[in-house]
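To keep things clear, I will list the structure first and then write my remarks on it.
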Amino acid sequence: MDQVFNFDKTFQVRLDEYEKVFFEGQPFPYAELQSEWAFHLELTLDPNGWQAIWDIPRSQCEKLKLPFPTILLVYVIQVHYSDLSSLIRIMAVQDENIDLPDKLTVPLIELWATKKQDKSIALNLDSTANALDMLRFFYLNLVRPWDEDEDCADWKREHLIARLKLFYDMKNGNVPKRAVEQIFNLVTEAKAHHSEKNNLINVCDSLCLDHEDNVEDENVQRLIAVTVRLAQIQHELTLLENETFRNVMLKSGEYRKINCKPQIWLVTDASTGRNHIKLFESVEEQFQNEQIALAPNFTQKLLSANSGDTILLSPQEHKFNHKRYLLENLTIKGIGNAQVVCVPLLADTTLFDFYGGHSVIENITIDCKNVNCAVLVRTGHVSLKNCKIVGNNPSATTQGIVVLNGAKLSLIACDLSGFATGLMGNSGSELEITDSLICKCQSGIKAFEKCQINIQNTIIKDCDEFGILIQTDQDFGFDQHSEHSFEKLNSIPEITAKLNDKTVTVLFGRNLTMDQVINFDKTFQIRLDEYEKVFFGGKRFPYAKLQGEWAFHLELTVEPNGWRAIWDIPRSQCEELKLPFPTIVLVYVIQVHHSDLSSLVRILAVQDENIDLPDKHIVPLIQLWVTKGQDESIALKLDSTANALDMLRFFYLNLVRPWDEDEDCADWKGEHLIARLKLFYDMRKGNIPKRAVEQIFTLINEAKALSCEKEHLVNLCASLCLDYEDNVEHENVQRLIAVTVRLAQNQHELTLLENETFRSVMLKSGEYGNFPPMIEGKPLVWLVTEASTARNHIKLFESIKEQYQNEQIAFAPSFTEKLLSANSGDTILLSPHQHKFNHKRYLLENLTIKGIGTAQVVCVPLLANTTSFDFHGKKSVIENITIDCRKGNCAVLIRTGHVSLKNCKIIGKNSSAKTQGIVVLNGAKLSLIACDLSAFSTGIVGNSGSELEITDSLISKCQSGIKAFEECQINIQNTIIKDCEEFGIIIQTDEDFGFDQNSEHSFEKLNAIPEITAKLVSGSNNRSGDLSVKPFNSKAIEDLFENPDLDPTIMEDADES
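Using my numbering, the letters of the sequence shown map in sequence onto residues 662 to 1718.
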């Protein structure tokens, strides 16, 4: 399109132009933009008489049954300003076989004014061309598909500068190339989904399909899925359009390449160790001393590939979801002789999109039956060697390979078939075709003027139209519109031709020893009815009024004072009070403060006599659990009080989100109550897959943690007088912005999940809980290893092949990803090096994690204040691993089932009173065999009803080595517990075993306790002693007035003041 006007304008020039279109200072909603453009074009655009190139979009080519791309020379008969279109007459076409109506109405943004015009007609040509450029740039780059539906009060103020700045930041290189690619993909995807959405709405309307009544209809299902995806894209682009948020997101790594050094990657399916050895032996022949990393699938590797990478594909079918990745300087090579088959799973896209450097595709069959284009070469040089590229030729718009201006293609020993156009060389491109076959296309090769072609020893046959179509205005001395043989090719200067042919279950809360409190197990309907009574039916309630309604309800249902409760102190509060976690305290309620949902309490008893706490505290009511046993001399509405607290606690823990207060919608009850209650019970009842429950639960917990951090950072920045805009580089401000962005992403995701219809579509899509399935339904053995030579990989497999002789072994790229996607029964093998992992409280079930070697494998969690390994159900094993838990709160949590640790080292950092090595909850079992455990506040916690088996192990440098509660079964043999700051073992029980429970004892006394079997247990340098048996002190006191020190009616002077 050299004959048309093009413009290269700066950010400021475009902004000034648009300020003139939309008068400065006046608000413009989206609905008024078109009329403003119509007014502006009437002043700047000639109404008729000018010539233009009509650049027909792909969708229109499809409708008109034209090859793509098609451009036509047209004459503008009349501009229709009001709808930004024009009536045109077609003057010339590229191909005389194209049959179109003489006159058409087309959008103005598809017209490009030509430089040459009829000199007999007086035209304001520069103004016309510039006006078209302004309009085209505006609607293609600054308008989003959702703007019309959103229609904010002032589109100009909200979006103009932000989107213009984003465009120029991408154009000028201020945004990394990979991020530009991803943002471009999002915009393109949004436009495609918006068109599909409008089409689906029309289809559903024509079929009289109501979206709610016909939710199972495939058209309605697809409409919902498209709507969800559009909402996700809108949210992400909205964040990216905010310059401050964008900078933080770009730094976070989400839009950056994973590595910077070129790497060889091997993508292969699960197989036996012997087969993997054979594969690596074949790879070793070509890459003898190269470092080779392992990737689990082709999709992921295309997404994360760096410039210079080589991707090796094993001889099998590789299905992949591609989203138009821009590939740079990349080699994709099949191991074998075109036995590797690449099958795209998404339709109507470009499969391989290359730019820059020299890229190679070799020994691969590309099954391109569902896509528009197999290979697009934007810039640089792409070589295809020994490849088969197979299309399905039902459409006039499909293309095998497209080479753009300035780019080069080398096609060597390839077969290309089944496209409308097999190979298209644009003006200024270069094609080298050798020893190849092009067949069964409408046109084999289509080349434009100034396309350099060197074609040798190639067959082009069985094409519906021409073998080669050259489009040019140059005169080569023969009839250009007639059919010719391939021998004529050499008459064209740009062409050299030599041819040989002429024609979960989710677990909420903690399982503490709280048997003496009143618990409730309510259905969805019971809870809904209860909350309807709190928030009177039919009345609207914004979030700001919820607390007032609760205060009123509690005044009617909760005893104002005189009752006892267990105070379940949260972890953060334990840290502030320097208490071990978990700590529960028996308290007496002196006064309920209904207005702020709290109460003044007096401490009656604590778990541990060494705990030193102030006598009185003000605590939130949701942290109090009413005890079953109360002082019978006080008349109490115990059931009503306990039920009211249960309602309040459930409400604020499960139905309120951290952003509700800031959002404060006009009707919180109408917007959120039923939706969030339904989500909770769907998770609880198993209507949502266990894996998805885990992810949703993680999102909620993460949101709460981020909200607390945000509040802390806001206060910190305020105390340091840090203005966010002026101090954007300050680390606290940077972190605050990052937390705000993540909270916004979290909020959007949970908002979609709370919509039952959207949720069902998201669950079906595989985004939640639908990870790659187990092969043939069997558990898999996964190997996680770092990059190494083929020979080292062979040695690694040699070391495990005897143990896993017939097992299918698959590769995982990282320990993090494998923990996320592991299935029940899987085995994860870790190679002998350090495995850092970002864990988000994965619930692990029936899993074996095994280091290859003798505790040489080191696992290092990267997130602080979390539980490293969280187990539930059946039997799990951790073997030959060192767990570095110096940042975490707890190394291993066993909720249910049996977990065995064998030959492991578990290392903490004994600087906090709340760190725990291993915690075993009621009904769960731990086997600790030949392990070293050190440097925790409490090495092992055995809750009431749990079981501990400890053999041949060492526990050292903890505050307390083992802490066990009443009815915890213990079998401990040949174990050393030493160098503890307090006791080696603490047994907390109210049972009388015939010796002083508060005194220090030796380990020999352990066998005096019925639940404990001990043999060859020794210790040294435990500062407070080896063994302490302490009373539990948390049961309700039968008579509060028996001890004057606990008498709640006695007020001290400090109380009265």
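C-beta: ideal position from N, C-alpha, C; glycine also.
Just to confirm my understanding: we take residue i, look at its own chain, exclude 5 residues before and 5 after, and list those with CB closer than 6 Å. What are they?
i	result
L733	W715, I751 and V754
T1509	T1488 and V1538
A851	P806 and I894
K670	none
L1562	I1539, L1589 and C1592
H1494	E1447
D1162	Unreliable placement is indicated for D1162, whose pLDDT of 45 sits below 50; no coordinate value is reported for it.
D878	L870
F1341	N1315
V1602	Q1577, V1580 and K1624
A1212	H1255 and S1256
E1110	S1088 and T1133
What distance in whole Å lies between the Cβ atoms of residue j and residue i, which are believed to be in contact at a cut-off of 8 Å?
i	j	result
I1230	L1240	7 Å
H1235	K1575	In the sequence as presented, His is not what sits at residue 1235; that position holds Cys. Indeed, because the Cβ distance is near 5 Å, the residues count as touching under 8 Å.
I1555	L1582	6 Å
L901	R907	5 Å
T1288	V1178	6 Å
I1455	F941	5 Å
Give a yes or no on whether the C-beta atoms belonging to residue i and residue j are separated by under 8 Å.
i	j	result
Q1719	T1082	With the chain running from 662 to 1718 in the structure shown, residue 1719 is simply not present.
A1364	N1407	yes
Q1630	K1691	no
F1654	A1675	no
S1689	F1644	yes
L1444	L1490	yes
G1018	E989	yes
K1101	I1073	no
Q1469	S932	yes
L745	Q695	yes
F1458	G934	yes
V909	V1402	yes
G1105	I1131	no
I1646	D1687	yes
I749	I759	no
F798	R883	no
N709	V740	yes
Counting only the same chain and skipping the five closest in sequence on each side, list residues whose C-beta sits under 8 Å from that of residue i.
i	result
V944	L927, I953, L973, I996 and A1451
Q673	none
P690	D812, C813, A814, D815 and W816
A956	W926, L927, V928, K962, I972, F1472 and P1474
V1485	Here residue 1485 turns out to be Ser, not Val, going by the sequence shown. Same-chain partners within the cutoff: P1440, E1506, N1507, L1508, G1534 and K1535.
Using a Cβ-Cβ cutoff of less than 7 Å, which residues in the same chain neighbour residue i once the five nearest sequence positions on both sides are dropped?
i	result
G1170	The predicted position of G1170 is uncertain, since its pLDDT is 29 and thus under 50; a value taken from the coordinates is nonetheless stated next. Here the set comprises nothing.
L1383	H1391, N1393 and V1394
N667	none
N785	D707
I885	T1418, F1419 and V1422
Y1313	I1283
Y1465	G934 and V1442
V767	W715, S746, S747 and I749
Thinking just about the alpha-carbon of each residue, which of the options is nearest to the one in residue i?
i	options	result
C1546	G1578, Q1117, S1561 and G969	G1578
I1542	H1333, C1565 and P1671	C1565
L1334	S1071, F1626, L963 and K1194	K1194
V1064	C1100, A1108 and Y742	A1108
A1303	E1332, S1256, R1225 and E1322	R1225
I1099	E904, R907, I1120 and R1345	I1120
E680	H820, K1535 and K1479	H820
K838	R824, L702, T731 and Y1016	Y1016
S1529	K1535, I1513 and C1551	C1551
Taking only beta-carbon positions, decide if residue i is within less than 8 Å of chain B.
i	result
L1130	Absent from the structure: chain B. Only one protein chain is present.
The segment 1376–1386 / the segment 1415–1422 touching (three or more Cβ pairs under 8 Å): no
contact_flag[the segment 1384–1400, the segment 1299–1314] where n(CB pairs < 8 Å) is 3 or more: no
Meets three-Cβ-pair contact criterion under 8 Å: the segment 1271–1282 and the segment 1248–1258: yes
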